[in-house]
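Undergrad: In terms of my numbering, the sequence shown opens at residue 2 and continues consecutively.
For each residue, glycine too, the CB sits at the ideal point set by N, CA and C.
In this text, all values refer to a predicted model and were calculated from it rather than measured experimentally.
Take this structure, written in structure tokens, and hold onto it; I'll ask about it next.
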Amino acid sequence: MSTLHGRGQVTGLPRWDRCAVMGVVNVTPDSFSDGGQWFDTELAVKHGLDLVTAGADLVDVGGESTRPGSARVDEAEELRRVIPVVRELAAAGVVISVDTMRAAVAERAVEAGARLVNDVSGGAADPAMVPLVAAAGVPFVVMHWRGQSIDMNNRAVYADVVGEVVAELRTRLEQAVAGGIAPERIVVDPGLGFAKDAGHDLTLLAHLSALRELGRPLLVAASRKRFLGRVLAGADGAPPPARERDAATAAVSAIAAREGAWAVRVHEVRASADAVRVARAIEAAENPAGAL
Ligand code: PMM
2 MSTLHGRGQV TGLPRWDRCA VMGVVNVTPD SFSDGGQWFD TELAVKHGLD LVTAGADLVD
62 VGGESTRPGS ARVDEAEELR RVIPVVRELA AAGVVISVDT MRAAVAERAV EAGARLVNDV
122 SGGAADPAMV PLVAAAGVPF VVMHWRGQSI DMNNRAVYAD VVGEVVAELR TRLEQAVAGG
182 IAPERIVVDP GLGFAKDAGH DLTLLAHLSA LRELGRPLLV AASRKRFLGR VLAGADGAPP
242 PARERDAATA AVSAIAAREG AWAVRVHEVR ASADAVRVAR AIEAAENPAG AL
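Written as structure tokens, this is what we have:
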């Protein structure tokens, strides 16, 4: 079944010999899965360090919730939440990614030590983002996005979700490259749950190899998302709470790693760190010559 023809490498980041694990620190009061838990600089920093101890290769720090229906936070508040956490974790030697749609936040985060800019809008929300990332020379995550979270569920309309997501991501990728970001610094992400219903997310996961046709490393961020709640729902149709979706998240991590994903983005790191190691061991058994 393997589609492992190399998961790719991202210039400007360490090279991992397996699917990497990106741990999430949401410095927000309202993220859907862990909102409020780390809404304090000291707690957020400690949580980031704990994620590294649990096996995270890099830590994604965000200060704005993107859950469906959420409104934007203002820039000053986003900076206040994110920058001290990025600075302290980077100073401790952690590879930091900043999850932001704002160029000003990305800029300050990079100055504070962030090494990757993770923009869920793929550069679409802020026209200053692509030029900033190009000038800073840092890697950039281009996620599939069809508009702000406040009304994104209305945009979950596709005739062919895989074909449309690939085509729309390709356009964003080309715009990022045209704006000066080196292709070898770009990661692509299908944006599970963003303008997608559970069926769309599952279909995309069933066709990860189509996304890899974009020729860039792939980030898969399934952690605790609604589609897992739907899959795990009991007979009454009620989904388990977000925090009870970590075993299912790790199952996706194993599958994504086997499908050649470059990284998985998860809230609970330990199980996914184990999952990507198991996938790596199977890969090594499959390709004893080590063609990664
Ligand atoms: N999802 C969320 C936040 N940031 N970044 C990327 N690259 N891909 C995603 O799918 C993504 C993201 C929302 O999840 P959270 O609020 O639970 O962190």
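Buried or exposed, going by whether 16 or more other CB atoms sit within 10 Å of the CB of Ala125?
TA: Taking the first residue of the sequence shown as position 1, residue 125 is located at position 124. Flag for Ala125 reads buried.
Undergrad: Measuring CA to CA, which of Leu212, Ala264 and Ala21 is closest to Val163?
TA: Here residue 163 refers to the residue found at position 162 of the sequence shown. The shortest Cα separation from Val163 among Leu212, Ala264 and Ala21 belongs to Leu212.
Undergrad: Between the Cα of Ile151 and the Cα atoms of Lys47, Arg281 and Ala196, which residue gives the shortest distance?
TA: Residue 151 sits at position 150 when you count from the first residue of the sequence shown. Among Lys47, Arg281 and Ala196, the Cα nearest to that of Ile151 belongs to Ala196.
Undergrad: Taking Cβ to Cβ, would you say Gly230 is nearer than 7 angstroms to Pro218?
TA: If you number the sequence shown from 1, residue 230 lands on position 229. If you number the sequence shown from 1, residue 218 lands on position 217. Result no, Cβ atoms of Gly230 and Pro218 do not sit closer than 7 angstroms.
Undergrad: My assumption, with CB atoms under 8 angstroms, is that Val277 sits in contact with Val22. Please give the rounded CB distance.
TA: Start at 1 with the first residue of the sequence shown, and residue 277 comes out as number 276. Start at 1 with the first residue of the sequence shown, and residue 22 comes out as number 21. The pair is a contact, with the Cβ atoms about 6 angstroms apart (cut-off 8 angstroms).
Undergrad: Nearest-angstrom Cα distance between Asp247 and Ser224?
TA: As a position in the sequence shown, residue 247 is number 246, starting the count at 1. As a position in the sequence shown, residue 224 is number 223, starting the count at 1. Roughly 7 angstroms between the two C-alpha positions.
Undergrad: Report the partner residues of Arg266 according to the DSSP bridge assignment.
TA: The residue given as residue 266 occupies position 265 in the sequence shown. Note: Arg266 sits in a beta bridge opposite Met23.
Undergrad: In chain order, what residues of the same chain have a beta carbon less than 7 angstroms from the beta carbon of Val166, not counting five sequence neighbours either side?
TA: Reading the sequence shown from its first residue, position 165 is the one you call residue 166. So the list reads His145, Pro191 and Leu205, once near-sequence residues are dropped.
Undergrad: Would you list the residues sitting across from Asp190 in a DSSP beta bridge?
TA: Along the sequence shown, read from residue 1 onward, the residue named residue 190 stands at position 189. Partner(s): Met144.
Undergrad: Does the beta-carbon of Gly123, which I'm using as the reference point, lie nearer than 6 angstroms to any heavy atom of the ligand PMM?
TA: Within the sequence shown, numbered from 1, the residue matching residue 123 stands at position 122. No - the ligand PMM has no heavy atom lying nearer than 6 angstroms to the Cβ of Gly123.
Undergrad: Am I right that Asp120 and Thr101 are in contact with their C-beta atoms under 8 angstroms? What's the rounded C-beta distance?
TA: Numbered from 1 along the sequence shown, position 119 holds the residue referred to as residue 120. Numbered from 1 along the sequence shown, position 100 holds the residue referred to as residue 101. With 8 angstroms as the limit, Asp120 and Thr101 qualify as a contact, their Cβ atoms being about 7 angstroms apart.
Undergrad: Is Ala113 near Val87, with beta carbons less than 7 angstroms apart?
TA: Along the sequence shown, one-based indexing puts residue 113 at 112. Along the sequence shown, one-based indexing puts residue 87 at 86. The answer is yes: Cβ separation under 7 angstroms.
Undergrad: Does the distance from the C-beta atom of Ala262 to that of Val232 stay below 7 angstroms?
TA: Reading the sequence shown from its first residue, position 261 is the one you call residue 262. Reading the sequence shown from its first residue, position 231 is the one you call residue 232. Against a cut-off of 7 angstroms, the Cβ pair of Val232 and Ala262 comes out as no contact.
Undergrad: Does the beta-carbon distance from Val143 to Leu174 come in below 7 angstroms?
TA: As a working note, residue 143 is residue 142 in the sequence shown. As a working note, residue 174 is residue 173 in the sequence shown. Going by C-beta atoms, Val143 is nearer than 7 angstroms to Leu174.
Undergrad: Is Ala222 a contact residue of the ligand PMM, with contact defined as CB to any heavy atom under 6 angstroms?
TA: Indexing the sequence shown from 1 puts residue 222 at position 221. Ala222: yes, Cβ under 6 angstroms from the ligand PMM.
Undergrad: Please check if any C-beta of chain C sits within less than 7 angstroms of the C-beta of Glu112.
TA: Absence of chain C from the displayed structure is noted, only one protein chain being present.
Undergrad: Regarding Ala209 and the ligand PMM, is the C-beta to nearest heavy atom distance less than 6 angstroms?
TA: In the sequence shown, residue 209 corresponds to position 208, counting from 1. The sequence given here has Leu at residue 209, not Ala. False, no ligand heavy atom lies under 6 angstroms from that Cβ.
Undergrad: Quick check: the Cα distance between Ala282 and Pro289, rounded to an integer number of angstroms?
TA: Indexing the sequence shown from 1 puts residue 282 at position 281. Indexing the sequence shown from 1 puts residue 289 at position 288. Approximately 10 angstroms, taken between the alpha carbons.
Undergrad: When you compare only the Cα positions, how much space is there between Asp127 and Ala55?
TA: Sequence index remark: in the sequence shown, residue 127 carries index 126 (1-based). Sequence index remark: in the sequence shown, residue 55 carries index 54 (1-based). So the alpha carbons of these two residues sit roughly 34 angstroms apart.
Undergrad: Once DSSP output is grouped into helix, strand and coil, what is the label at Gly70?
TA: Sequence index remark: in the sequence shown, residue 70 carries index 69 (1-based). Note: Gly70 maps to coil in three-state DSSP.
Undergrad: Tell me whether Arg16 sits in a helix, a strand or coil according to DSSP, three-state version.
TA: To locate residue 16, count along the sequence shown from 1; it is residue 15. Correct three-state label for Arg16: coil.
Undergrad: Going by DSSP in three states, Gly164 sits in which element: helix, strand or coil?
TA: In the sequence shown, counting from the first residue as 1, residue 164 sits at position 163. Gly164: helix per DSSP, three-state reduction.
Undergrad: Identify which residue in Asp58, Glu89 and Ala110 has its Cα closest to the Cα of Leu80.
TA: Here residue 80 is taken as the residue at index 79 of the sequence shown, counted from 1. Ranking the options by Cα distance to Leu80, first place goes to Ala110.
Undergrad: For Leu14, does the count of other Cβ atoms within 10 angstroms reach 16, so buried, or fall short, so exposed?
TA: As a working note, residue 14 is residue 13 in the sequence shown. With 16 or more Cβ atoms within 10 Å of its Cβ, Leu14 is classed as buried.
Undergrad: Under the rule that 16 or more other beta-carbon atoms within 10 Å means buried, what is Ala136, buried or exposed?
TA: The residue labelled residue 136 in the question sits at position 135 within the sequence shown. So Ala136 ends up on the exposed side.
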